[in-house]
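**Q**
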DNA sequence: TTTGTAAATAGGAATGATTACGTTTTGTGC
DNA sequence: GCACAAAACGTAATCATTCCTATTTACAAA
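Protein chains in written order, with the working numbering: chain A, 11 to 145; chain B, 11 to 145.
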């Protein structure tokens, strides 16, 4: 995923192109790791004085829906990063810097068989720790 | 885990025995599924007029630390249930009623090998959906 | 049984993340 | 350029949780 592709997805879905949206995408493309709404707000406030929470959160939710971003929830805070692959995968997540490492192994197929009468909607498999740089 | 064993753990760790703590344990023993702080508060308020948030949250955190309860975080809310096994395991969790089904399969051993330079602290593997009763 | 004291609780304020909402501004198709 | 719907502003509200101080209580030692 890159800014160009993301703006195409937005246009396709009938959303407007704004400079704030482009900035948000640039932020996530540059960072390429999990970042919080607060992190984005700090970045945006430096560029757009008086930007509102509404703009931050509305766009984060929108981009998440459109799968331009992927999200997770850690210690009571939602985190977002630029969508990193088009196939099913999981992540190692660095608790210090938010960097992720893709994990392609997923045990769901095996497990689904054992949950016969259960309706499985989704699942979360994440590994937490410190990346090589942070420890 | 049952109330008796939990009270023994409390005593062992030097914590006091109070009727509120016993009530909290009774609640989770009866429920035997993930419940929120709010659920517990409702239960406790019916029994102890004017019980404070502090008592609810302090004891939830304490019981979680002592592994009398196990916890997870779902949709921005912490959930707790009575500790259900003494070996490593994961859960299917029903989104409607909070009932859990133990999953003994864990792919971490295989994955740890692939994350050579990473310091792995912990991991979360949860399956969400509807239990046989709720769908 | 009484007493000292550290732990537990009450009551409510504070915090932090997120959502809501009425008003104003701005992109975009015509 | 114009009209209109979407986006953003500014700020209040909400929700879960934590924090704080005064008061009460459980428990152990005398």
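Each residue gets a CB set at the ideal place from its N, CA and C atoms; glycine is no exception.
Which residues in chain B have a C-beta closer than 7 Å to the C-beta of residue 14 (chain A)? List them in chain order.
**A** Within 7 Å Cβ-Cβ: nothing; residue 14 (chain A) doesn't reach chain B, min ~32 Å.
**Q** Run through chain B and tell me which residues come within less than 7 Å of residue 127 (chain A), C-beta to C-beta.
**A** Within chain B, the residues near residue 127 (chain A) are 142.
**Q** Mind checking who residue 45 (chain B) pairs with in its DSSP beta bridge?
**A** Paired residue(s): B:90.
**Q** Does the beta carbon of residue 48 (chain A) come closer than 8 Å to any beta carbon on chain B?
**A** False, the Cβ-Cβ gap to chain B never drops below 8 Å.
**Q** Would DSSP call residue 2 (chain B) helix, strand or coil?
**A** No statement about residue 2 (chain B) is possible, as the shown extent of chain B runs from 11 to 145 and does not include it.
**Q** Provide the residue span of the beta strand (DSSP E) that contains residue 134 (chain B), from first to last.
**A** Looking at the DSSP string, the run of the beta strand (DSSP E) that includes residue 134 (chain B) is 129-140.
**Q** Should residue 69 (chain B) be labelled buried (16 or more other beta-carbon atoms within 10 Å of its own) or exposed?
**A** Counting Cβ neighbours within 10 Å, residue 69 (chain B) comes out buried, since at least 16 surround it.
**Q** What are the residues in the stretch 112-127 of chain A lying within 7 Å of chain B by C-beta distance?
**A** Hits within the stretch, in order: 113, 115, 117, 120, 121, 125, 127.
**Q** What residues in the stretch 63-79 of chain A have a beta carbon less than 7 Å from any beta carbon of chain B?
**A** Within the stretch 63-79 of chain A, no residue qualifies.
**Q** If we count the other Cβ atoms within 10 Å of its Cβ and call it buried at 16 or more, is residue 62 (chain B) buried or exposed?
**A** That one is exposed.
**Q** Report all residues from its chain with a CB closer than 6 Å to the CB of residue 141 (chain A); omit the five preceding and five following residues, and keep chain order.
**A** Result list for residue 141 (chain A): 104, 109, in chain order.
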